[in-house]
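According to mature numbering (1 follows the signal peptide of the UniProt record, and there is no 0), the residues represented by the sequence shown are -25 to -1, 1 to 428, in order.
Beta carbons: idealized from backbone N, C-alpha and C, even for Gly.
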Amino acid sequence: MKSRIVLYSALVLLGMFGNSQQVLGTEYALKLALEHNYGIKIANNLAELAENNADILNSGYLPTLTGNAGASIDRQNTEGQLAPQPDPDNPDGPAIQRPPRIANGAETRRYNASLNLNYVLFDGLGRMYNYKRLKEEYQLSELDARETVETTITQLFSIYYTVAQFSENTRILEQTLTISKDRLTRATYQFDYGQSTKLEVLNAEVDINNDSINLINARQQLRNAKRDLMVVLGNKMPIEFDVQTDVSFLLNLDKEELLSKTQMNNIDLLRAEKNISISQFDVKASKAQFLPSVGLQGSYGWNETANNNNPIAFVLQSTSSGVSGGVNLTWNLFDGGTSITRTKNARINLEIQELQKEQLQMDVERNFNNAWEDYQNKLTVLGMQEGNIITASNNFERTQEKFKLGQVNSIEFRQAQINLINAELNRNQAKYQAKVAELEVLRISGELLNVDF
């Protein structure tokens, strides 16, 4: 996953300028999104967390080694009564009582240090299955990151082409306003020279106001769409920029080939397969609870005790050190049925995951067929809108010539103008909708990251 992101991030920066504004190309927009989009950053961090969890250091395969050390000092007043001593002058007589021994402020110091080693030799294979489960979870997190990248790319270009559509719409409405202003100028001259009525001037003024309002709204839509695009790009572009309006389609796409790739590479199906693998390891790990575990223990210890100012103590100082080791076996013969229940639930969860995958396969195939037909329909609509542009353009040019000659009135001219505007706006919408539909087909089939933008 990271290699793919790095590959995309290495795309060449397109530094194009036009109309004193930078032109944001599709390649550079993709580069910015992959580097600065917050959703992708979060997904990559989550994948890194899963990678850390799947490391050998988190597997339970390595032994544990602990060190302990301590020191203590005791200061006590002690009085000890010694046993009576036989009288050497009269062995058969009573024993002689000896005076008590008193130690005031007797100090005893104790020191100790140890190293303890514990290692699980066998735990019923539960450790192995848990480790494999962590590996599968890491791969699942990579798929989650890939899904985030695909979703972000789809969102990016959906907004990018919305900006392109609004940019073209704005230019069309600017041209429309220019034509309407020329028409007002002509109507004013004709009225001044008595060649037309005031009604022609008023109609032209009304149309200019309507065209101005449409242009103001279009510019606002464009600014809003650019702000949306900047959010996806992590606000790494100035507000004043243009986008490319040229669109190319992958017309050599094969439906059956893409459907086959969908069944192998669709992100939802791949995630479902990983969930099944994780559930399978859960079942195996739960069975390990019925087997015994064998552990190895070892330690090295050192102890020292020092008695100062204590005439009662038998030993003033003692030191001991040594090594100990052992093997222990633990077998949970019966835990009240908890392990049995856990194993049954793990099997049921596995069955659920398998059923969900079967249902998901039908959903994905349906979604692919819907997306494919939607894409084909939008290409057909685009072709028809291109034909409407030709017809509307010819109609407007002829009507404009006749209007200049006074052979058609302003209402007929305005209607021809509106027909051309609508045709151009509909063509723009159809063009970008078709491109977004194409990207959706590629996303469902798992090929979105394998194409050049």
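Quick one: what's got a C-beta closer than 6 Å to ASN394's C-beta in the same chain, skipping five residues either side? Here residue 394 refers to the residue found at position 419 of the sequence shown. Counting only residues of its own chain and dropping the five nearest sequence neighbours on each side, ASN394 has a CB closer than 6 Å to the CB of ALA367.
Nonlocal neighbours in the same chain, by C-beta distance under 8 Å from SER116, ignoring five residues either side: Position 141 of the sequence shown, counted from the first residue, corresponds to residue 116. Same-chain partners within the cutoff: LEU21, ALA22, LEU24, ALA25 and GLU26.
Local conformation of ASN19 per DSSP, three classes: As a first step, residue 19 must be located in the sequence shown, where it is residue number 44. ASN19: helix per DSSP, three-state reduction.
Consider the C-beta atom of ILE128 and the heavy atoms of the ligand NAD; say whether any pair is separated by less than 7 Å. Annotation note on the ligand NAD: not contained in the displayed structure, which lists no ligands.
For the alpha helix (DSSP H) holding GLY312, just list the boundary residues, first then last. If you number the sequence shown from 1, residue 312 lands on position 337. GLY312 -> no alpha helix (DSSP H), and no H or E assigned at all.
Of the choices SER252, ALA139, LYS156 and TYR13, whose alpha-carbon is the least far from that of THR220? For the purposes of this step, residue 220 is taken as the residue at position 245 of the sequence shown. Taking the Cα of THR220 as reference, the smallest distance to any Cα among SER252, ALA139, LYS156 and TYR13 is reached at ALA139.
Please identify the residue among ASN241, ILE315, ASN93 and ASN33 whose C-alpha is closest to the C-alpha of LYS259. Indexing the sequence shown from 1 puts residue 259 at position 284. Nearest in C-alpha terms to LYS259, of all of ASN241, ILE315, ASN93 and ASN33, is ILE315.
Drop a sphere of 10 angstroms on the beta-carbon of LEU308, count the other beta-carbons inside from all chains shown, and report buried for 16 or more, exposed for fewer. Here residue 308 is taken as the residue at index 333 of the sequence shown, counted from 1. Exposed: under 16 other Cβ atoms inside 10 Å.
Hey, could you find the ends of the alpha helix (DSSP H) GLU413 is sitting in? Locating residue 413 in the sequence shown gives position 438, where the first residue counts as 1. Start and end: 385 to 420.
Secondary structure, beta strand (DSSP E): runs of 3+ residues fully inside the stretch 68 to 132: 76 to 97, all fully within the stretch 68 to 132.
For GLU111, which residues in the same chain have their Cβ closer than 8 Å to its Cβ, ignoring the five residues on either side in sequence? Taking the first residue of the sequence shown as position 1, residue 111 is located at position 136. Its chain contains LYS249, SER252, ILE253 and PHE256 as the residues whose beta carbon lies nearer than 8 Å to that of GLU111, once the 5 sequence neighbours on both sides are disregarded; these appear in chain order.
Using the three-state DSSP reduction, which class does PHE378 fall into: helix, strand or coil? Position 403 of the sequence shown, counted from the first residue, corresponds to residue 378. Helix at PHE378.
Within a Cβ cutoff of 8 Å, which residues of the same chain sit near LYS201, ignoring the five residues on either side of it in sequence? In the sequence shown, the residue the question calls residue 201 occupies position 226. Around LYS201: VAL138, ILE214 and PHE216.
Does DSSP classify ASP229 as helix, strand or coil? Numbered from 1 along the sequence shown, position 254 holds the residue referred to as residue 229. Residue state, collapsed to three classes: coil.
If contacts are defined as beta-carbon pairs under 8 Å, then ASN28 and LEU148 qualify, I think. What distance do you get, rounded to the angstrom? On the sequence shown, residue 28 is found 53 positions in, with the first residue counted as 1. On the sequence shown, residue 148 is found 173 positions in, with the first residue counted as 1. That belief does not hold up - the Cβ atoms of ASN28 and LEU148 are roughly 55 Å apart, past 8 Å.
Residues that TYR275 bridges to, as DSSP identifies them: Along the sequence shown, one-based indexing puts residue 275 at 300. BP columns for TYR275 point to LEU90 and VAL298.
Just how far apart, CA to CA, sit HIS11 and VAL218? Walking along the sequence shown from the start, residue 11 turns up at place 36. Walking along the sequence shown from the start, residue 218 turns up at place 243. HIS11 and VAL218 have their alpha carbons spaced roughly 19 Å apart.
Endpoints, beta strand (DSSP E) assigned at GLN219: Working through the sequence shown from its first residue, we reach residue 219 at position 244. Judged by DSSP secondary structure, GLN219 falls outside any beta strand (DSSP E); it is assigned neither H nor E.
Could you pull the DSSP bridge partners for ARG50 from this structure? Indexing the sequence shown from 1 puts residue 50 at position 75. According to DSSP, which records beta bridges pairwise, ARG50 is partnered with GLU82.
Could you give the first and the last residue of the continuous beta strand (DSSP E) run that contains VAL426? For the purposes of this step, residue 426 is taken as residue 451 along the sequence shown, with counting starting at 1. Unbroken run through VAL426: none, as it is neither H nor E.
Label GLU231 either buried or exposed according to how many other C-beta atoms from any shown protein chain fall within 10 Å of its C-beta, with 16 as the threshold for buried. Translated into the one-based positions of the sequence shown, residue 231 becomes position 256. By the neighbour-count rule (16 or more Cβ atoms within 10 Å), GLU231 is not buried but exposed.
Could you check what DSSP says for LEU172 in three-state terms: helix, strand or coil? In the sequence shown, the residue the question calls residue 172 occupies position 197. Checking the displayed sequence, the identity of residue 172 turns out to be Thr instead of Leu. Three-state DSSP puts THR172 in coil, outside helix and strand.
SER385: buried (16+ other C-beta within 10 angstroms of its C-beta) or exposed? Within the sequence shown, residue 385 is the residue found at index 410, counting from 1. Flag for SER385 reads buried.
Contact check, ASN144 vs ALA193 under 8 Å by CB: the rounded distance? Taking the sequence shown and counting its residues from 1, the one referred to as residue 144 is at position 169. Taking the sequence shown and counting its residues from 1, the one referred to as residue 193 is at position 218. Taking C-beta atoms under 8 Å as the contact rule, ASN144 and ALA193 qualify, at a distance of about 5 Å.
Specify the secondary structure class of GLY362 as computed by DSSP and reduced to three states. One-based indexing of the sequence shown puts residue 362 at position 387. Assigned with DSSP and collapsed to three states, GLY362 falls in helix.
Residues of its chain near GLY421, where Cβ-Cβ distance is below 7 Å and the 5 sequence neighbours each way are ignored: As a first step, residue 421 is located in the sequence shown; it is residue number 446 there, counting from the start. LYS236, THR237, ASN240, ASN241 and ILE242.
Return the first residue and the last residue of the beta strand (DSSP E) that GLN(-4) is part of. By 1-based counting over the sequence shown, the position of residue -4 is 22. -5 to -2 is the span of the beta strand (DSSP E), which, as asked, contains GLN(-4).
Rounded to the nearest angstrom, how far is the Cβ of THR123 from that of GLY14, given a contact under 8 Å? Here residue 123 refers to the residue found at position 148 when the sequence shown is read from its first residue. Here residue 14 refers to the residue found at position 39 when the sequence shown is read from its first residue. The Cβ separation is near 5 Å, so the contact holds.
Between which two residues does the alpha helix (DSSP H) containing ASN250 stretch? As a working note, residue 250 is residue 275 in the sequence shown. Run containing ASN250: 242 to 262, per the alpha helix (DSSP H) assignment.
Roughly how many angstroms lie between the CA atoms of THR355 and SER171, to the nearest whole one? Your numbering for residue 355 matches position 380 in the sequence shown. Your numbering for residue 171 matches position 196 in the sequence shown. Distance from the CA atom of THR355 to the CA atom of SER171, rounded to whole angstroms, is 45 Å.
Could you please give me the residues that DSSP links to residue 430 through a beta bridge? Residue 430 lies beyond the residue range present for the chain, which begins at -25 and ends at 428; the question has no answer from this structure.
So, using beta-carbon positions, are LYS410 and VAL207 closer together than 8 Å? For this step, residue 410 is matched to residue 435 along the sequence shown. For this step, residue 207 is matched to residue 232 along the sequence shown. Against a cut-off of 8 Å, the Cβ pair of VAL207 and LYS410 comes out as no contact.
CB-CB length for ARG84 against ALA281, believed under 8 Å: Here residue 84 refers to the residue found at position 109 when the sequence shown is read from its first residue. Here residue 281 refers to the residue found at position 306 when the sequence shown is read from its first residue. Going by Cβ atoms, the distance from ARG84 to ALA281 rounds to 4 Å, so yes, they are a contact pair.
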